[in-house]
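Comments concern the structure below.
In UniProt numbering, the protein residues as written are 1 to 182.
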């Protein structure tokens with residue numbers, strides 16, 4: 001479909017551009033949710049990033065198994081405190097890229113950067129202050145509104161510009177990497 005938006009003829013080109021525009025609006029909405037909140041808005045599993053549940057270990061009769069289970073479950077408790085695990089302690093959330101869902105114009109390197117940004121936002125937004133309360137930081141300083149507008153502008157033109165998306169992702173990655181280093 002993307003090729004037809006670039007090289008199609010007449011009515012086919014017009015129709016694919018309209019469909020593509022609608023798809024890109026959804027993509028940008030998903031990206032903004034992932035970038036700025038660390039959440040996936042994907043009830044129909046159409047986004048190329050998905051949450052994966054990792055099961056925890058239950059203790060058994062073998063003392064060696066108990067030691068491993070205790071270590072893993074303490075990891076789960078840490079993950080819970082950071083928002084990566086469910087409250088019922090039965091799984092830990094991880095995120096991965098669904099390669100088969102990647103649009104042809106978003107390469108794996110860019111998808112990995114997108115994944116990194118959202119995971120970093122999740123990790124940083126779960127930091128607690130000295131009173132044990134979650135602190136909400138403005139990760140992008142005064143640039144969040146500007147970055148949101150730049151993402152929105154990607155769907156105002158007839159053709160989706162991947163290079164502009166890459167520049168926005170680079171900026172977002174720089175912002176979250178700078179925060180991680182502080």
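Don't be surprised by glycine CBs; every beta carbon is placed ideally from N, CA and C.
Given the structure is predicted, the values throughout are model-derived calculations rather than measurements.
- Considered as a whole, the segment 12–62 harbours 49–55 as its complete beta strand (DSSP E) runs of no fewer than 3 residues, in chain order.
- Residue 97 is bridged by DSSP to 49.
- Around the beta carbon of residue 176, 16 or more other beta carbons lie within 10 angstroms, which makes this residue buried.
- Here residue 45 is actually not in contact with residue 110; their C-beta atoms are around 20 Å apart, not less than 8 Å.
- Using a 10 angstroms sphere on the CB of residue 169, the tally of other CB atoms reaches 16 or more, which defines it as buried.
- In this structure, residue 154 sits near residue 28, with a CB-CB distance shorter than 8 Å.
- Counting the other Cβ atoms within 10 Å of the Cβ of residue 149 gives fewer than 16, which makes it exposed.
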